[in-house]
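In full-length UniProt numbering, the protein residues as written are 1 to 159. Contents: one structure, followed by commentary.
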């Protein structure tokens, strides 16, 4: 049952854990972009821009939304663009496997925060992988990967 004492866990999950999941997702896209010779710009959140750190811009509502723009890839083909578009999902799922392995090896203790992290990571990856056209040339990762694979349509990422 959800009680008043659960509010603090919800706030921590929303303001800390979920943004970490989003950053890992964006790092997945960034990894493959850099691997194939491109550059990225990550926008984390909505609202007034608080600060920039290299290619990362953090906005006041940092826990809402994210976007990644990437330049042309040095090695540009369907496969490389597909990996860029699905890279966030791969990193989210990979982070769950890595966390589980660290717990199984006894390096980390099995704690509630890791369950929350895994839940948010799986949730984020699943919803990002569903092919959705949001309109105005904005697509889920799954739809953009499909467009790359099927039609060679290279679109920018909006998560």
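Even for Gly, the Cβ is constructed at its ideal location relative to N, Cα and C. Source: prediction; values computed, not measured.
Practice item. Would you mind working out which of 5, 34 and 76 sits nearest residue 148, comparing C-alpha positions? Key: 76
Practice item. Mark residue 11 as exposed unless 16 or more other C-beta atoms lie within 10 angstroms of its C-beta, in which case mark it buried. Key: exposed
Check your understanding: What is the DSSP secondary structure of residue 28, counted as helix, strand or coil?
Key -> helix
Practice item. Indicate the three-state DSSP secondary structure (helix, strand or coil) for residue 117 in the structure shown. Key: helix
Point to revise | residue 21 - DSSP class collapsed to helix/strand/coil | key: helix
Review point. For residue 126, does the count of other Cβ atoms within 10 angstroms reach 16, so buried, or fall short, so exposed?
Key: exposed
Exercise for review: Could you check which residue in 16, 94, 67 and 110 has the C-alpha nearest to that of residue 40?
Suggested key: 67
Review point. Is residue 151 buried or exposed, if buried means 16 or more other CB atoms sit within 10 Å of its CB?
Key: exposed
Point to revise | Start-to-end residues for the alpha helix (DSSP H) that takes in residue 149 | key: 141–151
Exercise for review: Report yes or no: is there a C-beta of chain B within less than 9 Å of the C-beta of residue 50?
Suggested key: Judged by its chain identifiers, the structure shown contains no chain B, having just a single protein chain.
Exercise for review: Could you tell me the boundaries of the alpha helix (DSSP H) in which residue 78 lies?
Suggested key: 78–104
Point to revise | Where residue 22 falls, given that 16 or more other Cβ within 10 Å makes a residue buried | key: buried
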